[in-house]
Ligand SMILES: [Zn+2]
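Residue numbers (the numbering used here): 3 to 127.
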């Protein structure tokens, strides 16, 4: 992700409307690019200040700290989504293998050959 693209995603970040992969590349970029981080911090500050004004809260807040916490929260979110994907992938693999073992044990060679052909066709070999 370049600076131009990162800047175009600042509001999406604050609104929480990015996909996980967009979010991941965006966070990677702003952590390594001071100018984009400053841009994010500016917009984030304005957004937080506006929402507090609307709510009538007049306390002072450490917005730098809030943004840092927000980014860490997004990291945890990305991590959780990735864990779920990995979990789902291995579950699917295990289910698939179990099904194969069951089928191989009960079928004659001709039927096994047909299933293999169908499977290869199905996975695009
Ligand atoms: Zn940048």
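We put the CB at the ideal spot given by N, CA and C, even for glycine.
All values derive from a computational prediction rather than experimental measurement.
Please report the Cβ distance between residue i and residue j, rounded to the nearest whole angstrom; I am assuming they are in contact, meaning their Cβ atoms lie under 8 Å.
{"i": "residue 32", "j": "residue 39", "result": "5 Å"}
{"i": "residue 54", "j": "residue 69", "result": "Residue 54 to residue 69, Cβ: 14 Å. No contact."}
{"i": "residue 76", "j": "residue 42", "result": "Contact doesn't hold; Cβ gap of about 12 Å is too wide."}
{"i": "residue 117", "j": "residue 105", "result": "6 Å"}
{"i": "residue 80", "j": "residue 26", "result": "5 Å"}
Could you have a look at residue i and say whether DSSP puts it in helix, strand or coil?
{"i": "residue 63", "result": "coil"}
{"i": "residue 94", "result": "helix"}
{"i": "residue 134", "result": "No answer is possible for residue 134: it lies beyond the span of the chain, which begins at 3 and ends at 127."}
{"i": "residue 109", "result": "coil"}
{"i": "residue 77", "result": "helix"}
{"i": "residue 4", "result": "coil"}
(request) Could I get the ranges of all uninterrupted alpha helix (DSSP H) runs contained in the region 7-64, with 4 residues as the minimum, in chain order? (result) Given a length threshold of 4 residues, each whole run of the alpha helix (DSSP H) inside the region 7-64 is given here in chain order: 12-17, 22-34 and 36-57.
(message) Beta-carbon distances below 6 Å to any heavy atom of ligand 1 define the shell here; list its residues in chain order, please.
(response) Chain-ordered list of matching residues: 5, 8, 31, 35, 37 and 38.
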